[in-house]
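A.B. asks: Its first residue numbered 1136, the sequence shown is counted upward by one per residue in the numbering used here.
Handing you this structure, nothing more for now.
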Amino acid sequence: MKEYDHKKIEKKWQDIWEKKGIYRAQDKSKKPKFYGLIEFPYPSGAGMHVGHIRSNTAMDIIVRKRRMESFNVLYPIGWDAFGLPTENYAIKTGIAPSKVTKQNTDIFRKQLKAIGFSFDWSREIDTTDPKYYKWTQWIFLQFLKNGLAYKAKMTINWCPKDKIGLANEEVVGGVCERCGMQVEKREKEQWMLAITKYADRLDKDLDEVDYLPQIKLAQRNWIGKSDGTEIDFKIKGHDSVIKVFTTRPDTIFGATYLVLAPEHEMVQKLKSQITNWSEEVEKYVKEVKNKTDIERTNEDKVKTGIELKGIKAINPANKEGIPVWVADYVLPHYGTGAIMAVPADDERDREFAEKFKLPIIKDYKKAGFEDFGKRITKFKLRDWVFSRQRYWGEPIPVVFCDKCGTIPVPEKDLPVELPKVKNYQPTDSGESPLANISKWVNTKCPKCKGKAKRETDTMPNWAGSSWYYLRYVDTKNKKEFADKKNLKYWTPVDWYNGGNEHTTLHLLYSRFWHKFLFDLKLVPTGEPYKKRTSHGMILADDGTKFSKSKGNGVNPEDVVKNYGADSLRLYEMFMGPFDQAVSWNRDGMVGPRRFLERVWKISQKLSKNSSLSVLKLLNKTIKKVGEDIDAMRFNTAISSMMVLVNEMDKEEVGVKDYKKFLQILAPFAPHITEELWNMLGEKKTVHLSLWPKVDESLLEDKEIKIVVQINGKVRTEIMINVDESEEEIKKQVISNDIVLKFTNGGEVKKVIYVKNRLINIVL
Ligand SMILES: [Zn+2]
Ligand SMILES: [Zn+2]
1136 MKEYDHKKIE KKWQDIWEKK GIYRAQDKSK KPKFYGLIEF PYPSGAGMHV
1186 GHIRSNTAMD IIVRKRRMES FNVLYPIGWD AFGLPTENYA IKTGIAPSKV
1236 TKQNTDIFRK QLKAIGFSFD WSREIDTTDP KYYKWTQWIF LQFLKNGLAY
1286 KAKMTINWCP KDKIGLANEE VVGGVCERCG MQVEKREKEQ WMLAITKYAD
1336 RLDKDLDEVD YLPQIKLAQR NWIGKSDGTE IDFKIKGHDS VIKVFTTRPD
1386 TIFGATYLVL APEHEMVQKL KSQITNWSEE VEKYVKEVKN KTDIERTNED
1436 KVKTGIELKG IKAINPANKE GIPVWVADYV LPHYGTGAIM AVPADDERDR
1486 EFAEKFKLPI IKDYKKAGFE DFGKRITKFK LRDWVFSRQR YWGEPIPVVF
1536 CDKCGTIPVP EKDLPVELPK VKNYQPTDSG ESPLANISKW VNTKCPKCKG
1586 KAKRETDTMP NWAGSSWYYL RYVDTKNKKE FADKKNLKYW TPVDWYNGGN
1636 EHTTLHLLYS RFWHKFLFDL KLVPTGEPYK KRTSHGMILA DDGTKFSKSK
1686 GNGVNPEDVV KNYGADSLRL YEMFMGPFDQ AVSWNRDGMV GPRRFLERVW
1736 KISQKLSKNS SLSVLKLLNK TIKKVGEDID AMRFNTAISS MMVLVNEMDK
1786 EEVGVKDYKK FLQILAPFAP HITEELWNML GEKKTVHLSL WPKVDESLLE
1836 DKEIKIVVQI NGKVRTEIMI NVDESEEEIK KQVISNDIVL KFTNGGEVKK
1886 VIYVKNRLIN IVL
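Rendered as C-alpha cells:
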C-alpha cells in the first residue's frame, strides 16, 4: 500500500485480533498478572459520544504496554444496565427494558469494537442478566443473614417527578440528582444496608491504597470521621440529660448556651415545661421540617432559632444554669443533635450569640481534654437506603409471611427474576409497579408453605456495580460468584480508572461490599482496588457538557469513518492533560491524522542504519513514552513521538529502529502500527512483542553550553555537540543568528576556541 488508508486496515486487524484471541486473559498462567479496570458503561439509548471513551483509551494504552512487558493482562468490559433512563424509555414507548437494553448494548459494543480496544470480549457481563443478578441477590442474602440488611421506617427523599425514593447521596442542593426537581420528604419502610458498621475501616484502610490524594480526601469527607467527646448536661429540675458532642471539650468553661436540633427528642419530652411552646416553639419546629439539610447549614443564610423558655441546662464545668435553644442549623443526625455553644471561640456561635444577645465569656479557663465526658468517634456517614420503588432493578429476594414474618428466598431458588409487565409506570402511592402483578407477588412461604407475598421493592442501580470487578475473573461460574483460585490470582484490581464523579459513592459502596465479602472469607484481600485514578471530562466544543437534549454529542463512529480509530485515539490522548476537563475541537482531528500519514511515509524510505541523531532521539523517546504512559502523561508522550518523527523525516532511518518506534506507538495507534509491522515482514503481532529496551549509553547528553565573546566581551551562550570537530564548531558559532547580530557584517580576524568552555571572535 502506497498511501495510508485506515479503511483498509482497521476492520481487518480487529477481526484478526478477535479470531486469534490475542487479548484474552489466561486464568492459569505463570506470568505475573495485571488487572486493568475502567467503569463499565451504562448503555443509554443515545449511544456513546466521544467523551465516553477517554478512560477506555487511556487504560487501553496502559494494558497494551503491560502485555508488551510480559504481563498476563485482564482488561474486561460489560454493561451496568439497570436504572432509570431505560425504564423511563419503557414507560414512554411500552417496549420492555430488557429489549431496550439489548438494543443499546448492541450499539455500544459495535462502537467500542470500532475503536480497537483490547478488551477480553469473552468476559462480557450485563448486570441485568439473571445469571449475573442471581449473585447480586445472593450477596444481599448474606447481608441479611449477617444482620447488615434491615428494614426501617425512614423519612426519605422523594422525587415527585421520577416517583422514586432517593438516597441522601442522590440529592444535590435539595434537588433530585437525575432530573433537577425539588425533593420532598416522605415516611416509608425501606431496606437499609448497615454501611456505618464499616465506617471506621473504610476511613482507616485508605492508608493502604494508592488513590490520587483528592480521591482519598473525597472518600474521607464523605465518611466524615471526627474524634470528640460526649458530655452530659443536666436539665434543672428534671431528671434527664442532654448529651452534647464536641471536638473541643477544653472550651467547656466558655459554653454559655446549648442548641438542639428542632427534631431532638428532648424538645418533645420537655414540652410541658416549655413556657413559650404554643406561641413560638411548636411553629418553628414545624417550619424546619420542610427544609433540606443544605438549606439549613448554608453559611450565608440568616440564623434563626427560638429559646426554650422555662428550661435551663447546667454547665457541668462551672455548675451555672445556661439557656437552651432550638435552631435549624443543628442537624438531628449529626453528632448527638445537640451542641454546646462557645461564642468566644466559634465564629458561628458568636454570630448567633450576638444576634440573640446571649452571653459571651471572653477569658475563660481551659479544661483538660479528659476532664469532662467520654471520648467517642462520630461519623457523618449514614446507613445506605437500599430500596427503590421501581421496576428496572434487581428484585430484593425476600417474602413476607403472616406466620413466619420476613423470610429470605432460599439460595437454591435464586435468581428471583423480574416478571414481564405491561405497564412500567411507578405508582403515586409510592409502590413499585411490581406490586400490581398479583401472580408474581403472591407466592408460597419457603418455611411454612403457607400463603406469602414477595417484596416488590428493587435494588438501587449501585448494587450491580458494587461487585462487578469480581465477576470478571470468572464470568460463567454457576456455583459461586467467582472461583476462589481465580479470585486469588486476579484480585485486587491493579489499576482502576474512572470519572471524577464516581470517586465518592460508587467507590465507597464497592469498598464496603468488598470488605463484607472479605470478612466472610469469600475474597482474598481487604481492599478491591490497589490504585485509583480519575480523568477529566471531555466537553462539547462550546465548553458545555455533551447532552442528548442539546444534540451536541459527537459520535465516535463518524470520526472513525472519516479519520480512523487510530487518529481518534491519538486525539483523545493529545488534547490536554489527562486529569483535566478539555473541550472537543472539531478541527482537532487533522493534526493526529497528518502525524500518522508521516509515520506511514517514513516506512517507504527506510535504510539499513539510522543516523546518530535519530538513534539518540529514538532512545530518549522510548524512555520518555514508557515513563509517560505509567504516569498518565499521554499528551507529552505523543508530542515526544511527534518530535521524533520530525527528525526521522530529515534523516536516515534504519529498519530496526523504525520497528522500535512502531512498538512504542502501538499502544496509542494499534492498527497502523500492526499493518506496518506486518509489512516489514513480522509474522507475529506487534502487540505481544517485547517493549523495546532503552540503551542507557545513548542517553548521555553530549550537548554542552559554551560562552561566546566578541572582542573579549561576553555576548551570548550557545549549545554545541562535544563530538564535533573544532572547525565545525567554529563554523556553527560564526553563522549563528545572534552572533551575526553582534558581528554586524564586520570582518572576522581571528577565532579562539577554549575547548568545551568558550569561543572568542576577534573582529
Ligand atoms: Zn427526579
Ligand atoms: Zn411462613
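All C-beta atoms, glycine included, are put in the ideal place defined by N, C-alpha and C.
#1: Give the single residue among 1501, 1625, 1398 and 1190 whose Cα lies nearest to the Cα of residue 1165.
#2: Which residues does DSSP pair with residue 1458 in a beta bridge?
#3: Less than 7 Å between the beta carbons of residue 1170 and residue 1253, yes or no?
#4: Are the CB atoms of residue 1203 and residue 1826 nearer to each other than 7 Å?
#5: Determine, using beta carbons only, whether residue 1659 and residue 1623 come nearer to each other than 7 Å.
#6: For the segment 1305-1323 against the segment 1475-1488, do three or more pairs of beta-carbon atoms, one drawn from each stretch, fall closer than 8 Å, so that the two count as touching?
#7: For the segment 1234-1250 and the segment 1275-1287, state whether three or more C-beta atom pairs, one from each stretch, are separated by less than 8 Å.
#8: From the DSSP secondary-structure annotation, give me the bridge partner or partners of residue 1380.
#9: Using only the alpha-carbon positions, how far apart do residue 1616 and residue 1652 sit?
#10: Does the beta-carbon distance from residue 1504 to residue 1385 come in below 7 Å?
#11: Please classify residue 1258: is it buried, with 16 or more other beta-carbons within 10 angstroms of its beta-carbon, or exposed?
#12: Pull every residue with its beta-carbon under 6 Å away from any heavy atom of ligand 1, and keep them in chain order.
#13: Would you say the beta carbon of residue 1905 comes nearer than 6 Å to a heavy atom of ligand 2?
#14: Is the beta carbon of residue 1495 closer than 7 Å to that of residue 1488?
#15: Specify, as a first and last residue, the run of the beta strand (DSSP E) that residue 1896 falls within.
#16: Comparing the CB of residue 1087 with every heavy atom of ligand 2, is any distance shorter than 6 Å?
#17: For my contact list, residue 1145 and residue 1700 are in at a C-beta cut-off of 8 Å; report their separation, rounded to the angstrom.
#18: Going by the DSSP bridge assignment, what does residue 1260 pair with across the sheet?
#19: Please indicate yes or no: does the CB of residue 1585 lie closer than 6 Å to some heavy atom of ligand 2?
#20: How many Å lie between residue 1726 and residue 1720 at the Cα?
#21: Can you name the residues that DSSP bridges to residue 1856?
#22: Leaving out five residues before and five after residue 1467 in sequence, what residues of the same chain have Cβ atoms less than 7 Å from its Cβ?
#23: Apart from the five residues on each side of it in sequence, which residues of its chain come closer than 7 Å, Cβ to Cβ, to residue 1409?
#24: From residue 1242 to residue 1696, what does the alpha carbon distance come to, in whole angstroms?
#25: Alpha carbons only, please: which of 1705, 1682 and 1837 is nearest the one belonging to residue 1755?
#26: Looking at the unbroken beta strand (DSSP E) that takes in residue 1169, where does it start and where does it end?
#27: Regarding residue 1588 and ligand 2, is the C-beta to nearest heavy atom distance less than 6 Å?
#28: Below 7 Å CB to CB, which residues in the same chain sit around residue 1441 once its five sequence neighbours on both sides are set aside?
#29: From which residue to which residue does the alpha helix (DSSP H) around residue 1696 run?
#30: Pick from 1471, 1560 and 1760: whose alpha carbon is nearest that of residue 1230?
#31: For residue 1735, which residues of its own chain have a beta-carbon under 8 Å away from its beta-carbon, when the five flanking residues on both sides are left out?
#32: For the putative contact between residue 1390 and residue 1360, defined by C-beta atoms under 8 Å, what is the C-beta separation to the nearest angstrom?
#33: Which whole-angstrom value is the C-beta distance of residue 1380 and residue 1471, which I expect to be below 8 Å?
#34: Does the beta-carbon of residue 1339, which I'm using as the reference point, lie nearer than 6 Å to any heavy atom of ligand 2?
#35: What do you reckon, is the C-beta of residue 1538 under 6 Å from a heavy atom of ligand 2?
#36: Once you ignore the five residues that flank residue 1345 on each side, which residues in its own chain have a CB closer than 7 Å to its CB?
C.D. replies: By the coordinates alone:
#1: Numbered from 1 along the sequence shown, position 30 holds the residue referred to as residue 1165. Of 1501, 1625, 1398 and 1190, the residue nearest in Cα terms is 1625.
#2: By 1-based counting over the sequence shown, the position of residue 1458 is 323. Looking at the DSSP assignment, residue 1458 forms a beta bridge with 1447.
#3: Position 35 of the sequence shown holds residue 1170. Position 118 of the sequence shown holds residue 1253. The answer is no: Cβ separation not under 7 Å.
#4: For the purposes of this step, residue 1203 is taken as the residue at position 68 of the sequence shown. For the purposes of this step, residue 1826 is taken as the residue at position 691 of the sequence shown. A contact, by the Cβ cut-off of 7 Å.
#5: The residue given as residue 1659 occupies position 524 in the sequence shown. The residue given as residue 1623 occupies position 488 in the sequence shown. Cβ atoms of residue 1659 and residue 1623: closer than 7 Å.
#6: no
#7: no
#8: As a working mapping, residue 1380 is identified with position 245 in the sequence shown. Paired residues: 1365.
#9: Here residue 1616 refers to the residue found at position 481 of the sequence shown. Here residue 1652 refers to the residue found at position 517 of the sequence shown. Spanning the two alpha carbons is a distance of roughly 11 Å.
#10: For the purposes of this step, residue 1504 is taken as residue 369 along the sequence shown, with counting starting at 1. For the purposes of this step, residue 1385 is taken as residue 250 along the sequence shown, with counting starting at 1. Their beta carbons are under 7 Å apart, which means residue 1504 touches residue 1385 by this criterion.
#11: Working through the sequence shown from its first residue, we reach residue 1258 at position 123. Buried is the call here.
#12: 1294, 1296, 1297, 1311, 1313, 1314 and 1316
#13: Only positions 1136 to 1898 of the chain appear in the structure, and residue 1905 is not among them; the question remains open.
#14: To locate residue 1488, count along the sequence shown from 1; it is residue 353. To locate residue 1495, count along the sequence shown from 1; it is residue 360. Cβ atoms of residue 1488 and residue 1495: closer than 7 Å.
#15: On the sequence shown, position 761 is the one that residue 1896 refers to. Where residue 1896 is concerned, the enclosing beta strand (DSSP E) stretches over 1893-1897.
#16: A question about residue 1087 goes unanswered here, because the residues of the chain that appear run from 1136 up to 1898.
#17: On the sequence shown, residue 1145 is found 10 positions in, with the first residue counted as 1. On the sequence shown, residue 1700 is found 565 positions in, with the first residue counted as 1. About 5 Å; that satisfies the 8 Å criterion.
#18: The count along the sequence shown starts at 1 and reaches residue 1260 at position 125. In the DSSP output, where bridge partners are listed per residue, residue 1260 has 1213.
#19: For the purposes of this step, residue 1585 is taken as residue 450 along the sequence shown, with counting starting at 1. Checking every heavy atom of ligand 2 against the Cβ of residue 1585, one is found closer than 6 Å.
#20: Residue numbering aside, residue 1726 sits at position 591 when the sequence shown is read from its first letter. Residue numbering aside, residue 1720 sits at position 585 when the sequence shown is read from its first letter. The alpha-carbon atoms of residue 1726 and residue 1720 are separated by roughly 11 Å.
#21: Position 721 of the sequence shown, counted from the start, is the residue given in the question as residue 1856. Its beta-bridge partners are 1838.
#22: Here residue 1467 refers to the residue found at position 332 when the sequence shown is read from its first residue. Counting only Cβ-Cβ distances below 7 Å, and skipping sequence neighbours, we find 1396, 1398 and 1399.
#23: In the sequence shown, residue 1409 corresponds to position 274, counting from 1. Correct list, in chain order: 1416, 1443, 1444, 1445 and 1446.
#24: Locating residue 1242 in the sequence shown gives position 107, where the first residue counts as 1. Locating residue 1696 in the sequence shown gives position 561, where the first residue counts as 1. Computed Cα separation, rounded: 16 Å.
#25: For the purposes of this step, residue 1755 is identified with residue 620 of the sequence shown, where counting begins at 1. Among 1705, 1682 and 1837, the Cα nearest to that of residue 1755 is on 1837.
#26: Position 34 of the sequence shown, counted from the start, is the residue given in the question as residue 1169. 1168-1173 is the extent of the beta strand (DSSP E) around residue 1169.
#27: On the sequence shown, residue 1588 is found 453 positions in, with the first residue counted as 1. False, no ligand heavy atom lies under 6 Å from that Cβ.
#28: As a first step, residue 1441 is located in the sequence shown; it is residue number 306 there, counting from the start. For residue 1441, where only same-chain residues beyond five positions count, the Cβ hits under 7 Å are 1415, 1416, 1419, 1460 and 1461.
#29: Taking the first residue of the sequence shown as 1, we reach residue 1696 at position 561. That run of the alpha helix (DSSP H) goes 1691-1698.
#30: Locating residue 1230 in the sequence shown gives position 95, counting from the first residue. Answer by Cα proximity: 1560.
#31: In the sequence shown, the residue the question calls residue 1735 occupies position 600. Hits under 8 Å: 1138, 1139, 1807 and 1811.
#32: Mapped onto the sequence shown, residue 1390 falls at position 255. Mapped onto the sequence shown, residue 1360 falls at position 225. Not a contact, Cβ separation roughly 24 Å.
#33: The residue you call residue 1380 lines up with position 245 of the sequence shown. The residue you call residue 1471 lines up with position 336 of the sequence shown. Yes, residue 1380 and residue 1471 are in contact; Cβ-Cβ is about 5 Å, under 8 Å.
#34: The count along the sequence shown starts at 1 and reaches residue 1339 at position 204. The answer is no for residue 1339.
#35: For the purposes of this step, residue 1538 is taken as residue 403 along the sequence shown, with counting starting at 1. Yes, Cβ of residue 1538 sits closer than 6 Å to a heavy atom of ligand 2.
#36: Position 210 of the sequence shown, counting from 1, holds the residue named residue 1345. Cβ within range, chain order: 1665 and 1666.
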